[in-house]
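Notes follow once the structure below has been shown.
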Amino acid sequence: MLCPISLILAAAVFALPATAQSCPGSPLCCHRLFYEETPKMAAIIYSLDVPSSEVVYPVATGCFPVGDPPNNSLVGCPSPRIQVCCTSDNWGGRIALDCQPDPTPSD
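Going by our numbering, the residue at position 106 of the sequence shown is 520; the numbering climbs one at a time, nothing skipped.
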């Protein structure tokens, strides 16, 4: 028999936002999402010295963490920006690699 506290804990786990369960890291709010290489994207990647072996599309540009927006930004990820989940974002917000649109954006 489950005790009431177990039921409350189980309910709390299932009530977690999907972004906490679906994103490998923090959701990002990005300016643009590139699904394939373009001359502009190739130039940005080259300027950041990202090894070509690490580049996985889609690639997002102009990103910041949704939970930590810049001082002059609204909370969340307002349109026309796009909220994404990425596996690699080690380039100071310039680019993030292997990104997918977040299924549960927080506008």
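Beta carbons: idealized from backbone N, C-alpha and C, even for Gly. Because the structure is a prediction, the values reported are computed rather than measured.
One or two residues paired with residue i in a DSSP bridge
i: P472; result: According to DSSP, P472 bridges with nothing at all.
i: P479; result: L442
Boundaries of the beta strand (DSSP E) in which residue i is found, first to last residue
i: S502; result: I496 to S502
i: C491; result: Unbroken run through C491: none, as it is neither H nor E.
i: P515; result: I509 to P515
i: C437; result: Per DSSP, C437 belongs to no beta strand (DSSP E) and is neither H nor E.
i: C443; result: L442 to C444
Run of the alpha helix (DSSP H) containing residue i, from where it starts to where it stops
i: P453; result: P453 to S461
Reference residue i, options the options, closest by Cα
i: R446; options: M455, Y460 and V480; result: M455
i: N504; options: E450, P479 and P453; result: P479
i: G481; options: Y471, P472, S466 and P492; result: P492
i: Q471; options: G490, E450 and Y460; result: Before going further, note that residue 471 is Tyr rather than Gln in the sequence given. The option with the nearest alpha carbon to Y471 is E450.
Chain-order list of residues whose beta-carbon lies under 7 Å from that of residue i (same chain, five-residue window excluded)
i: I496; result: C444, L447 and P515
i: L462; result: W505, R508 and I509
i: S440; result: P479, V480 and G481
i: C477; result: L442, C443, C444, D503, G507 and A510
Chain-order list of residues whose beta-carbon lies under 8 Å from that of residue i (same chain, five-residue window excluded)
i: I458; result: T475, R508 and I509
DSSP-derived helix/strand/coil call for residue i
i: A426; result: Summary for A426: the model assigns pLDDT 36, below 50, so the residue's position carries little reliability, and this model does not support an answer.
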